[in-house]
Amino acid sequence: MYSEPPEDDAVTTPSGFFRDRLHRLHESWRELVHTARRRDASTTRLGRARDWAVSRVAEMIAEQRTLWSLRHASTATLVHPSTLTDSSAVRAAILTRARRHHGVWLIIDSLLLIASGIFMLVPGPNVLAYYFGIRVVGHYLAWRGARQAMDATEWSARAEPALDELATLAVVPREARAPRVAAIAEALKLPRLAAFFDRTAVPAR
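Position 150 of the sequence shown, counting from 1, maps to 590 under the working numbering, and the rest follow consecutively.
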């Protein structure tokens, strides 16, 4: 399940002290992600650990953002391929699996966060604690979103023929499918869809 929720106004149009601070944090995070993904990333052990953690967190945010946005949704529309005949059953299966998945990982990462406290004795930032701390928050928000979407959100459904072609492109090599994926993303007004599709489609190359 994928969506591109609108950017928070507090990030895009800062006004006032707290909004300005949030905007600065947002920009700092974007720069940190950009740095971590560069080919000439840090060669030190601590630097590589930091870059790996930042990249993993960025991927997690992209993958879980839809569930996060569903935490307070009273209504939602599932846009699905026109070949899908029972969208309600598929939606229920996806949300049930998501709630179970994030619930399990919430417990696992909470235990790992507690265990990572031992590295507080090591000089320097506790990268592991930061990493597992962010994962705990992410899985908790995703679990809440899945629960809200299952128990309280009123759903409607709409078939989208463009998604039929997108499904067939999953098995096409990235270089060959890239122009069509980009065109579909533009038609659906989802500018980040191509990057998401590349992370999840097989083969990735």
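A virtual CB, placed ideally from N, CA and C, is assigned to each residue, including glycine.
Between the beta-carbon of V576 and that of D549 there is about 5 Å, and that keeps the pair under the 8 Å contact cut. For S596, the beta-bridge partners assigned by DSSP are T517.
The stretch 567-586 and the stretch 523-533 do not touch, with fewer than 3 CB-CB distances between them shorter than 8 Å. Between the C-alpha atoms of A607 and A627 there is a straight-line separation of about 16 Å.
Here F637 is actually not in contact with A502; their C-beta atoms are around 11 Å apart, not less than 8 Å. The C-alpha of A634 lies about 10 Å from the C-alpha of P619.
Where L633 is concerned, the enclosing alpha helix (DSSP H) starts and stops at 633-640. In this structure, DSSP gives E626 a helical state, which the three-state scheme calls helix. Burial is judged here by how many other beta carbons sit within 10 angstroms of a residue's own beta carbon; V497 has at least 16 and is buried. In this structure, the beta-carbon distance from T517 to M441 does not fall below 8 Å.
Inclusion of L524 and Q588 in the CB contact set at 8 Å is not warranted, their separation being larger than that value. About 15 Å separates the beta carbon of G578 from that of A569, a gap too long to meet the 8 Å contact definition. Distance from the CA atom of S596 to the CA atom of T484, rounded to whole angstroms, is 51 Å.
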